[in-house]
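This report concerns only the one structure given below.
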Amino acid sequence: MDPLDVVSNIEKVIPFFQPVYSADTQKVAGFESVGRIHLETFQSLEFFFKNDTVPEEFLLEVENELLKKSLQKVVDFGREYFLFINRHPKALLMDDPDNFITLLQEYEDKGLKLSNIVLVLNHGLFHGSEKELKNLMTYYQTYGIKIAIDSISEKVINLSTLRYLSPDIIKIDFKHVKNSIHTSSFQDILQAIIYVASKMGASIYYDGISDSHQLRQAWKNGGRFYQGAHLSLPDHEMKDSIHFSETLKNDIQHFIAAEKTKLESLSNVTHLLQQRVEAVINKYQKYENFTDLLSKMTNDLQSFCFRMYICDGDGYQQTANLFKLNNDSWIIQEEYVHKNWSWRPYFLETVLKMRVNEQGILSDLYRDIETGEKIRTFSYPMEKGYDLYIDLSYDFLFKHDELLF
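In this note's numbering, the protein residues as written are 8 to 412.
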């Protein structure tokens with residue numbers, strides 16, 4: 008279909024509404040208005056809005072038609088929900104900012120609340136207009152309008168740009184990352200976006216959820232809003248389906264149970280390591296120095312450990328590394344003596360927790376600098392302010408598969 012066909016049949020342009028669910032209430036929180044045109048059949052207008060050759064005037068005309076019909080549906084529906092409105096940045100910047108506000112205010116007397124409007128912007132269409140858009144977003148926010156920016160769609164947004172724009176909501180679209188969702192690189196990007204969102208106080212909004220596994224990814228990774236075919240499809244009417252709310256509730260309850268089981272398993276493994284290490288240290292009361300102590304401990308701990316070392320409370324390493332080779336023999340790596348590890352994330356926090364709780368701590372899964380493998384570290388508080396660090400072998404993690412996630 009040619010973009011001109013859309014403009015010449017603008018009376019046949021109508022909004023469809025896809026529910027957006029809330030994690031806290033596990034019910035419909037709002038609806039996203041998505042454009043359709045009804046010729047012989049309903050057809051999506053995505054091709055129209057993502058076509059860089061479509062003039063701004065055409066974009067604005069069609070978007071305003073969709074907006075008017077969406078707002079009328081909202082006031083006719085008579086219930087308070089968020090309305091997620093997609094607007095093309097190019098069309099927004101071309102128009103007088105007050106025109107958008109005036110259009111919304113026409114429906115305020117009919118019951119519309121501007122604080123329930125969420126303006127959704129596709130960062131892939133910014134084309135270097137971030138400064139102008141920032142000013143526009145700030146202006147709209149003074150009216151209570153919320154701003155959502157997709158951080159992961161066809162491409163990933165620059166994190167400094169995301170912080171500069173400071174939206175209320177950060178959108179992540181699973182449709183564009185379904186082939187990479189399990190890769191470590193995607194998970195690293197996702198965690199970076201979640202971190203930025205937490206610093207800004209922004210909510211995370213996951214779209215394109217097509218199955219329960221993706222829903223679990225969204226739930227586990229800080230999602231406040233969920234949307235996608237797994238929950239419900241777009242419809243020409245606003246429908247607050249109890250059936251789909253129950254689906255969400257059941258899925259989340261399953262996630263909670265699975266996560267609690269995993270946490271209980273981690274607690275059990277931590278307790279097991281605590282007992283094992285404590286017994287081994289008590290076994291070797293006589294030693295010349297800390298490196299000698301570690302050498303004595305290798306036979307007792309080699310079933311789950313591939314590296315050991317001891318640090319003081321400030322992170323300065325007091326011993327060499329004892330490192331296990333593939334043939335199960337151990338070598339002493341003297342070059343690590345006196346290195347400081349306080350720069351590592353959570354290092355000093357872990358030291359403090361060990362002092363307070365007087366017991367060992369099992370780290371999260373992370374990638375080891377030297378081996379490149381994903382590992383966990385068990386940290387154990389010793390006497391006189393020293394701490395033992397034991398890096399767990401992949402074989403041990405594999406036997407306890409809950410440790411690999």
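Beta carbons: idealized from backbone N, C-alpha and C, even for Gly.
Check                                                                                                                     : Outcome
Uninterrupted beta strand (DSSP E) stretches inside the region 162-193 (no shorter than 3 residues)                       : 176-180
Outcome for Ser274 when other beta-carbon atoms lying within 10 angstroms are tallied against a minimum of 16             : exposed
Spatial neighbours of Tyr291 in its chain, beta-carbon cut-off 7 Å, leaving aside the 5 residues before and after         : Leu300, Lys303 and Met304
At least three beta-carbon pairs within less than 8 Å, the region 89-97 to the region 118-131                             : yes
Buried versus exposed, by CB contacts within 10 Å (16 or more), Pro416                                                    : Outside the shown range of the chain, which is 8 to 412, sits residue 416, and nothing can be said about it.
Residues bridged to Gly21 [DSSP beta-bridge criterion]                                                                    : The sequence given here places Ile at residue 21; Gly does not occur at that position. Note: Ile21 sits in a beta bridge opposite Arg43.
Residues near Ser191 by beta carbon distance below 7 Å, same chain, minus five either side                                : none
CB contact below 8 Å: Ser217 versus chain C                                                                               : Structure shown: chain C not included; a single protein chain is present.
Cβ contact check for the region 50-62 and the region 104-113: 3 or more pairs under 8 Å                                   : no
Coarse secondary structure for Gln268, derived from DSSP in three states                                                  : Per the sequence shown, the amino acid found at residue 268 is Thr instead of Gln. Reduced to three states, the DSSP call for Thr268 is helix.
Buried or exposed by the 16-neighbour rule on C-beta atoms within 10 Å, applied to Ala286                                 : exposed
Host beta strand (DSSP E) of Met315 (start-end)                                                                           : Cys312 to Asp319
Sequence-distant residues of the same chain with beta carbon closer than 6 Å to Gly118, five excluded per side            : Val82
Opposing strand residues paired with Asn93 [DSSP bridges]                                                                 : Val127
Segment limits, alpha helix (DSSP H) that includes Pro241                                                                 : Segment: none, Pro241 is in no alpha helix (DSSP H) and carries neither H nor E.
Pair within 8 Å by beta-carbon distance, Arg314 and Asp398                                                                : yes
Environment of Ile376 [buried if 16+ CB atoms lie within 10 Å]                                                            : exposed
Check whether Ile211 and Gln33 have beta carbons under 8 Å apart                                                          : no
Expected contact under 8 Å - CB spacing of Gly367 and Thr277 to nearest Å                                                 : 7 Å
Cut-off 6 Å between Cβ atoms - residues of its own chain near Pro22, not counting five sequence neighbours on either side : Ser40, Leu73, Lys76 and Ser77
Short Cβ contact (8 Å threshold) for Tyr233 with Ala30                                                                    : yes
Contact under 8 Å by Cβ, Asp319 with Tyr393                                                                               : yes
With 16 other Cβ atoms within 10 Å as the buried cut-off, status of Val358                                                : buried
Cβ-based burial, Thr145 [other Cβ within 10 Å; buried from 16]                                                            : exposed
Local Cβ density within 10 Å of Glu70, reported as buried at 16 or more and exposed below that                            : buried
C-alpha gap between Glu341 and Gln324, whole angstroms                                                                    : 11 Å
8 Å Cβ cutoff met for Glu68 and Val14                                                                                     : yes
Cβ pair Tyr353, Ala327 closer than 8 Å                                                                                    : no
Buried or exposed (CB count within 10 angstroms, at least 16 for buried), Pro96                                           : buried
8 Å CB neighbourhood of Gln25 in its chain, flanking five on each side removed                                            : Phe38, Glu39, Val41, Gln234, Ser239, Leu240, Pro241 and Asp242
Distance between Gly229 and Ile177 (C-alpha atoms, nearest Å)                                                             : 11 Å
With 16 other Cβ atoms within 10 Å as the buried cut-off, status of His345                                                : exposed
Three-state secondary structure assigned by DSSP to Gln79                                                                 : helix
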